[in-house]
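Trainee:
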Amino acid sequence: MALHFLERHGIMAFKVQSKFELRRLTAAVNATQIVTLDPPTPEEIGRCNSVKVQELGGKKVTVFSQVTETSKISTIIIRGPTQNIIDDVERALDDAVNAYKALTRDQTLVAGAGAMEMELSRRLTKVADECADMHQYAMRKYADAFHIIPTTLAEVSGHNAVNVITSLMADHQNGLPNNGVDIEDGTTLDALEAGILDLYLSKFWVIKFATEAAVTVLRVNTIVIAKQAGGTKQNTNGPAE
Numbered sequence: 000m001a002l003h004f005l006e007r008h009g010i011m012a013f014k015v016q017s018k019f020e021l022r023r024l025t026a027a028v029n030a031t032q033i034v035t036l037d038p039p040t041p042e043e044i045g046r047c048n049s050v051k052v053q054e055l056g057g058k059k060v061t062v063f064s065q066v067t068e069t070s071k072i073s074t075i076i077i078r079g080p081t082q083n084i085i086d087d088v089e090r091a092l093d094d095a096v097n098a099y100k101a102l103t104r105d106q107t108l109v110a111g112a113g114a115m116e117m118e119l120s121r122r123l124t125k126v127a128d129e130c131a132d133m134h135q136y137a138m139r140k141y142a143d144a145f146h147i148i149p150t151t152l153a154e155v156s157g158h159n160a161v162n163v164i165t166s167l168m169a170d171h172q173n174g175l176p177n178n179g180v181d182i183e184d185g186t187t188l189d190a191l192e193a194g195i196l197d198l199y200l201s202k203f204w205v206i207k208f209a210t211e212a213a214v215t216v217l218r219v220n221t222i223v224i225a226k227q228a229g230g231t232k233q234n235t236n237g238p239a240e
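Sequential numbering of the sequence shown, starting at 0, is according to numbering that gives the first Met the number 0.
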């Protein structure tokens, strides 16, 4: 009955079962979700320049287009021959969008390819050399932990990680703080000149949370292993224990 009157008055209706998709749609057309039967106001209705049905990849979809107005929602269509490729592209797009989002808050970038981690390790080792008490050993191990990033880059690219780390340590000792891993030939390169950059905010929070987690574990003196829930296991061949 409702569809009959909607069609009679030329009103288009869509059935959206997902609450998440409904929120996206209302944000795209600047509308407000209404849970009452009161007539909507012009501000609550929203506005859309074009609504059309078209076929994409053998599937019919409804496209809401905002051409002249600034919309809060944008849709990126990903295509690929296999689902694995589509998943890889989706992850890459998600990383790119989050990187751009982070840059809107802080535009600071640091040298990538493991260069920043190697320079941090060098400076921490220098501070450890100036420490005379037992803390120097913990500081050295903390500095060595930063080698995991360039080591992983070298290993996943099929190169000898020991040789790469040795070359990087020599470069940073010789005043080349921006040198990182060249995954093409297993040597080193200037990450800034190569345009390999990382977000400062990402590096900051990763190091902060990893350090706090390690400190929390080191503060644990005793570990109590609890029994499994459910009580004592019953013996089905004889009397209960």
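All C-beta atoms, glycine included, are put in the ideal place defined by N, C-alpha and C. The model shown is predicted, which means the values in this text are computed figures rather than measured ones.
(1) Buried or exposed for residue 154, going by 16 or more other Cβ atoms inside 10 Å?
(2) Based on Cα-Cα distance, which residue from 171, 197, 73 and 150 lies nearest to residue 182?
(3) Is residue 131 closer than 9 Å to residue 138 when the C-beta atoms are compared?
(4) Quick one, which of 188, 35 and 51 has its alpha-carbon nearest residue 12's?
(5) Look at the alpha carbon of residue 26 and the alpha carbon of residue 49, and state the distance between them as a whole number of angstroms.
(6) Taking Cβ to Cβ, would you say residue 105 is nearer than 9 Å to residue 200?
(7) Mind checking residue 187: buried by the 16 CB within 10 Å criterion, or exposed?
(8) Find the nearest neighbour of residue 118 within the set 221, 146, 86 and 18, judged by alpha-carbon distance.
(9) Rounded to whole angstroms, what's the CA-CA distance from residue 207 to residue 214? Just pull it up for me.
(10) Tell whether a beta-carbon distance below 9 Å holds between residue 178 and residue 171.
(11) Taking 9 Å as the cut-off, decide whether the C-beta atoms of residue 116 and residue 148 are in contact.
(12) Count the other CB atoms within 10 Å of the CB of residue 111; is the residue buried (16 or more) or exposed (fewer)?
(13) According to DSSP, is residue 14 part of a helix, a strand, or is it coil?
(14) Using a Cβ-Cβ cutoff of less than 7 Å, which residues in the same chain neighbour residue 79 once the five nearest sequence positions on both sides are dropped?
(15) Taking the DSSP output, what are the residues bridged to residue 50?
(16) Are residue 75 and residue 92 closer than 9 Å when you measure CB to CB?
(17) At which residues does the alpha helix (DSSP H) containing residue 198 begin and terminate?
(18) In the stretch 137 to 177, which residue ranges form an unbroken alpha helix (DSSP H) of at least 4 residues, counting only runs that do not cross its ends?
(19) On the three-state DSSP scale, how would you describe residue 181?
(20) Output needed for residue 28: all residues of its chain with C-beta closer than 7 Å, excluding positions within five of it in sequence on either side, in chain order.
(21) Tell me where the alpha helix (DSSP H) around residue 96 begins and ends.
(22) Quick one: what's got a C-beta closer than 8 Å to residue 22's C-beta in the same chain, skipping five residues either side?
(23) Looking only at DSSP bridge pairs, what is residue 110 linked to?
(24) For residue 221, list the residues DSSP reports as bridge partners.
Mentor: On the basis of the coordinates in this document:
(1) exposed
(2) If we check each option's Cα against that of residue 182, 150 comes out closest.
(3) no
(4) 51
(5) 15 Å
(6) yes
(7) buried
(8) 146
(9) 11 Å
(10) yes
(11) In this structure, residue 116 lies near residue 148, with their beta-carbon atoms less than 9 Å apart.
(12) buried
(13) coil
(14) 85 and 88
(15) 63
(16) Their beta carbons are under 9 Å apart, which means residue 75 touches residue 92 by this criterion.
(17) Where residue 198 is concerned, there is no enclosing alpha helix (DSSP H), although the beta strand (DSSP E) it sits in stretches over 196 to 198.
(18) 147 to 155 and 160 to 172
(19) strand
(20) Closer than 7 Å at the Cβ level, and outside the excluded window around residue 28, lie 45, 46, 47 and 63.
(21) 82 to 104
(22) 32
(23) 196
(24) Beta-bridge pairing links residue 221 to no other residue.
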